[in-house]
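What follows is a short report on a single structure.
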Amino acid sequence: MDLKADIISGKSIAGIGIGEDIGVVLSNLRDDHVSFVESAFENHEMGFKKLDIADAKVSVIANDTGRIVRLFCRPGYLGKYKAVFFPGMSVKRIRQHSSKQLIMHGVLMVNDDYGAGFSIPDLYEGKQYDDVDHIAELPDGMILEELNVMASEWWR
Numbered sequence: 765m766d767l768k769a770d771i772i773s774g775k776s777i778a779g780i781g782i783g784e785d786i787g788v789v790l791s792n793l794r795d796d797h798v799s800f801v802e803s804a805f806e807n808h809e810m811g812f813k814k815l816d817i818a819d820a821k822v823s824v825i826a827n828d829t830g831r832i833v834r835l836f837c838r839p840g841y842l843g844k845y846k847a848v849f850f851p852g853m854s855v856k857r858i859r860q861h862s863s864k865q866l867i868m869h870g871v872l873m874v875n876d877d878y879g880a881g882f883s884i885p886d887l888y889e890g891k892q893y894d895d896v897d898h899i900a901e902l903p904d905g906m907i908l909e910e911l912n913v914m915a916s917e918w919w920r
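Following our numbering, the numbering of the sequence shown begins with 765 at its first residue and continues without gaps.
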């Protein structure tokens with residue numbers, strides 16, 4: 765695992781890839797003595813496994829077959845997406861560095877790329893943001909802590 769690796773839309777964070785087997789990732793983490801916390805959850809009656817790695821700088825979500833379906837990184841992760849975007853950016857800075865923004869299912873995506881995006885917090889400074897449709901509804905100073913990568917058809 766490389767906390768400086770580029771974030772690749774629809775493909776990877778930290779060198780961990782969408783579609784990989786979570787068992788292989790677990791084995792590699794153990795072999796490399798990387799700290800992680802393992803948990804499980806259900807969503808829409810489907811089971812998932814979650815790994816929070818390196819003090820939750822990286823999280824991995826795998827479906828019930830063990831295939832990785834989503835990756836997250838948070839501040840402390842040093843890699844960038846498209847050499848510009850990283851977890852912990854403000855809405856204002858994201859807007860300044862992108863020509864187009866789209867919010868779908870609580871994720872802010874930039875420049876028509878559906879394979880990576882920033883998670884919008886449900887609550888920020890005491891105000892609810894769980895049903896936002898446009899970036900203009902977000903305060904410029906809002907910090908988006910999570911950048912995630914998923915298969916580009918995730919929203920369908």
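Each residue gets a CB set at the ideal place from its N, CA and C atoms; glycine is no exception.
Limits of the beta strand (DSSP E) - the one that residue i falls within
i    : result
L835 : 832-837
V913 : 911-914
I825 : 822-826
Contacts around residue i, its chain only, beta-carbon distance under 6 angstroms, and the 5 residues preceding and following it disregarded
i    : result
E901 : none
C837 : I777, V822, P851, L911
I772 : none
Burial state of residue i, where buried means 16 or more other Cβ atoms lie within 10 Å
i    : result
S863 : exposed
Q860 : exposed
M873 : buried
F882 : buried
P903 : exposed
Cβ distance (whole Å) where residue i is taken to contact residue j below 8 angstroms
i    : j    : result
Y893 : I884 : 6 angstroms
I780 : L835 : 6 angstroms
Where the alpha helix (DSSP H) through residue i begins and ends
i    : result
G787 : 786-795
I858 : 855-860
Own chain residues within Cβ distance below 8 angstroms of residue i, not counting five before or after
i    : result
K768 : L842, G843
K775 : G781, I782, G879, V913
Residue i - DSSP class collapsed to helix/strand/coil
i    : result
E809 : coil
I782 : coil
Other residues of its chain near residue i: CB distance less than 7 angstroms, five sequence neighbours each side excluded
i    : result
F800 : L793, L815, D816, I817
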